[in-house]
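Sequential numbering from 1 applies to the sequence shown in the numbering used here.
The beta-carbon is built from N, C-alpha and C at its ideal position, and this holds for glycine as well.
Below is one structure, written out as structure tokens, with a few remarks after it.
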Amino acid sequence: MDHQTRTRYVAFHVITILCLCGCLFISSCSDPSASRVDSEVPRLSVENNIRSYLNKVSADITDNFHSDIQTLGDWEKIRRQRYVEFIEMMGIDHLPLNGEKSALNVKVTGTIKKEGYRIEKLYFESLPGLYVRANLYIPDSIKEPRPAILYVCGHSPTQKAHYQAHPIKFAQLGFVCLITETIQFGEAPGHHWGPYSKGWFNWYSRGYNPAGVELWNAIRAIDLLSERPEVDADKIGVTGISGGGSQSWYIAAADPRIKAVAPVCGGATLKDHVFNRTVDGHCDCMMPNNLYGRDFADIGALIAPRPLLIAQANQDEMYKIESVRELESKAQKMYDLYVKPDNISLVETPGGHSYHQTSRQEIFSFFLDKLMGKKVTPDQVGDIDENPERQLSFEELKVYVDAPPEGDRTRTIQDSFIPLARAPEITTEEELSSHRDSVKVFLREKTFGHFPVKEAAFDSQLEIQSMFSKNAGNRIFSFVSEEGWRLKIDVRWRGDSNTVKPLMVVLRNYDEDRWDSESFASKLSKDWNIAYFEPRGVGETGWDPGLQWHIRRASAWTGRTIASMQVYDVLRSLQFCRTLPGIDPTKIGIAAREEMTVVSLYAALLDGKCETVILKNPPSTQDVVSDPEGKGPAIEMLNCLQATDVNQIPALIWPAKTEFVGDVPDAYQWSENILKRLGKGGFVRNDSN
């Protein structure tokens, strides 16, 4: 039978079944007991709205900041753990923060003499092959070590040239000032905008965030300053605006060598970012990979009690001023616990996302006070000189004479910065069991940590039941998966509805054509009863494709992804189905196509009780690029690639059987080889199309 004939054959039978079902449904509806179970109106109190849900979870994160901290002693008991979690969220927990680091290999490529100071043009290696461009401003006539400022650039294409007036002013005030370029712009531009504009949502699965690279580069920049004879290593501060503002928060939280910090337009509450969708305007570096559900106030808590001056414009499209005030108020509570209430302050300035003379002068006065012990008022300290005639050009401040050093990793650091898991060599069942257990522990803590601690009551309702024929029918149930989500599952039965039979849960796809799932299920074994399930984001609970980019990024900012939320829904559907009559709770399987195969495999792994998983057209890996607009499959899950990949899970879910409909991607060979090596047979293959 050729493809066209087969298609017409399937279509004919589907239409025939539909016509029959329609007649039987009309017939069944004449019997009240065969229609809606009772006269109760369907439960519509649950919103089933992804925006409402993300608003709630982000508000919970913000509003519950340190709700369990009442005393300094309470905080000190958990501070170390919160610090470790923060370092992990930044993606630098594999690097030697306190141990021996690689050589900096500082290279000075030129010096510019100016009145009262000089500029050293230099670069250094923060990691082997990862070079950081910088200008070091050093006041003349230094007789003893001076306090230093690390100035971290924001998202300006010309970087250290654009912000040069700031290190000039610091040098004129007597500070040594190092200004560093980001990996995104400047002389050797790399990438910050992964999910933001390139469709690199696999960064989330890797646990990669460009903020982590910037933070590590800054820590190494502090190493450089500490080694300079002109610098008093006990008096180092950090400041910057926008991306440099958020980095200032991170750097001070991560490195205790920072004694004072002044972030500008660089932080606000998570709930405001999500509610007002300011997340949409932000670079991917502006929030850590939030697997532990933290807010910027948590970063401020790690800075306390060191001096913190927050400068914020009051009409900033990126940071609503009320949100910044709330952030400062929450951080203030930590300073109060340390009995250092005056060590934190907020300076508000008029205008949009930028500096203002007031904020600049407050910052200069702040550092003179906190690092030099000099009381100089903002009015007395003066402002920067932005006269173009006194500015050096990008070319004049350029560090690289011709090109970056050979082998520079700046443009590709996203591919190697985070160590990913390698499929291990497994030769025994004990090794397989041990590996499975370690993967599940990792995933529950660092990928699915957002799963509710307390499960919601199912509050189930039989919405409708129908008879298709004497020996076939369905029951559509709704149940609460998680607070805010009431989902439906359509359970079809053959034969006696009360006879216990195995159940195959077929996952619908968010963009499937009508009857796609039914056609897929028609080719499965008749031994199974079938249940069609729509996790959130699919069918009735779906959202406009144009919203997908926002949902993918905003979800990650709250510590979850679309796929990880769907995994939870599938787990709850399995749990719910095991409570139903006529279903053998020991013989439940999952069948899925395309991107939903990823959800099915992870759900089966965490569930641990599935009898069979059936896959059609699964992706080879989760380390794949998406549509830059965020549309299409969303298979990313936070940090998962540090533990496993979708192609390894068929081996991990054994003794559950894995059946493939159609072709098996080569990447799944590792899993099949293990099963064969252990004498469990390979995959079941179903060549139906």
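So, with DSSP's three-state summary, where would you put residue i?
{"i": "Tyr131", "result": "strand"}
{"i": "Pro210", "result": "helix"}
{"i": "Phe448", "result": "coil"}
{"i": "Met504", "result": "strand"}
{"i": "Glu636", "result": "coil"}
{"i": "Arg6", "result": "Only weak support is given to the placement of Arg6: the predicted model assigns it a pLDDT of 41, under 50, and the question is left unresolved by the model."}
{"i": "Ala304", "result": "coil"}
{"i": "Asn509", "result": "coil"}
{"i": "Gly110", "result": "strand"}
{"i": "Cys177", "result": "strand"}
{"i": "Gln361", "result": "helix"}
{"i": "Trp493", "result": "strand"}
{"i": "Gln247", "result": "helix"}
{"i": "Trp543", "result": "coil"}
{"i": "Pro157", "result": "coil"}
{"i": "Pro655", "result": "coil"}
{"i": "Leu122", "result": "strand"}
{"i": "Phe477", "result": "strand"}
{"i": "Thr239", "result": "strand"}
{"i": "Met90", "result": "coil"}
Please classify residue i: is it buried, with 16 or more other beta-carbons within 10 angstroms of its beta-carbon, or exposed?
{"i": "Val212", "result": "Note that residue 212 is Gly in the sequence shown here, rather than Val. By the neighbour-count rule (16 or more Cβ atoms within 10 Å), Gly212 is buried."}
{"i": "Pro263", "result": "buried"}
{"i": "Pro307", "result": "buried"}
{"i": "Leu432", "result": "buried"}
{"i": "Val238", "result": "buried"}
{"i": "Leu130", "result": "buried"}
{"i": "Thr541", "result": "buried"}
{"i": "Lys446", "result": "buried"}
{"i": "Asp459", "result": "exposed"}
{"i": "Lys320", "result": "buried"}
{"i": "Glu328", "result": "buried"}
{"i": "His435", "result": "buried"}
{"i": "Pro96", "result": "exposed"}
Below 8 Å on the Cβ atoms is my contact criterion, and I expect residue i with residue j to pass it. Report the Cβ-Cβ distance as a whole number of Å.
{"i": "Cys265", "j": "Asp316", "result": "6 Å"}
{"i": "Leu371", "j": "Ala260", "result": "6 Å"}
{"i": "Ile590", "j": "Val613", "result": "5 Å"}
{"i": "Val661", "j": "Asn686", "result": "5 Å"}
{"i": "Lys690", "j": "Gln548", "result": "The structure shown does not extend to residue 690, since the chain is modelled only from 1 through 689, so no value can be given for it."}
{"i": "Ile183", "j": "Tyr163", "result": "16 Å between Cβ atoms; not a contact."}
{"i": "Tyr204", "j": "Pro195", "result": "7 Å"}
{"i": "Val567", "j": "Tyr602", "result": "5 Å"}
{"i": "Arg475", "j": "Val491", "result": "5 Å"}
May I have the straight-line CA-CA distance separating residue i from residue j, to the nearest angstrom?
{"i": "Trp557", "j": "Ser58", "result": "9 Å"}
{"i": "Gln642", "j": "Gly449", "result": "15 Å"}
{"i": "Phe175", "j": "Ile149", "result": "7 Å"}
{"i": "Val608", "j": "Asp569", "result": "A small fix is needed here, since residue 608 is Gly in this sequence, not Val. Spanning the two alpha carbons is a distance of roughly 15 Å."}
{"i": "Ala218", "j": "Ile251", "result": "7 Å"}
{"i": "Lys101", "j": "Val132", "result": "16 Å"}
{"i": "Leu571", "j": "Ala592", "result": "14 Å"}
{"i": "His191", "j": "Tyr400", "result": "19 Å"}
{"i": "Gly682", "j": "Glu672", "result": "5 Å"}
{"i": "Asn289", "j": "Leu420", "result": "16 Å"}
{"i": "Gln247", "j": "Gln159", "result": "15 Å"}
{"i": "Lys279", "j": "Asp298", "result": "Here the sequence assigns Val to residue 279, which means Lys is not the residue at that position. Between Val279 and Asp298, the C-alpha separation is close to 18 Å."}
{"i": "Ser626", "j": "Lys169", "result": "44 Å"}
{"i": "Asp255", "j": "Trp249", "result": "10 Å"}
{"i": "Trp670", "j": "Arg409", "result": "30 Å"}
{"i": "Trp193", "j": "Arg51", "result": "23 Å"}
{"i": "Ile26", "j": "Met504", "result": "Low per-residue confidence applies at Ile26: pLDDT is 34, beneath 50, and the placement is therefore not dependable, though the value from the model is reported in the following sentence. Taking the straight line from one Cα to the other gives about 27 Å."}
{"i": "Ile562", "j": "Pro452", "result": "15 Å"}
{"i": "Arg79", "j": "Gln70", "result": "13 Å"}
On a CA-only basis, which of the options is nearest residue i? Give me that one, please.
{"i": "Glu115", "options": "Asn290, Ala531, His94, Ile138", "result": "Ile138"}
{"i": "Ile690", "options": "Ile168, Met89, Ser564, Gly542", "result": "In the structure as shown, the chain starts at 1 and stops at 689, and residue 690 therefore has no counterpart that could be examined."}
{"i": "Ala304", "options": "Lys169, Asn290, Tyr335, Leu368", "result": "Tyr335"}
{"i": "Arg508", "options": "Pro633, Thr427, Val381", "result": "Pro633"}
{"i": "Asp496", "options": "Asn529, Arg257, Ser329, Val339", "result": "Asn529"}
{"i": "Pro145", "options": "Arg578, Ala233, Pro424, Gln622", "result": "Ala233"}
{"i": "Met637", "options": "Glu629, Gln622, Thr597", "result": "Gln622"}
{"i": "Val684", "options": "Leu524, Glu85, Asp584, Tyr602", "result": "Leu524"}
{"i": "Pro147", "options": "Asp369, Gly382, Gln575, Lys680", "result": "Asp369"}
{"i": "Ile258", "options": "Gln312, Leu302, Leu606, Arg277", "result": "Leu302"}
{"i": "Tyr117", "options": "Arg220, Thr109, Ile142, Ala103", "result": "Ile142"}
Determine, using beta carbons only, whether residue i comes closer than 8 Å to chain D.
{"i": "Ala604", "result": "Considering every chain present, this structure includes no chain D. It has just one protein chain."}
Tell me whether residue i counts as near the ligand NAD, meaning its Cβ is closer than 7 Å to at least one heavy atom of that ligand.
{"i": "Thr597", "result": "Here there are no bound small molecules, and the ligand NAD is not part of this structure."}
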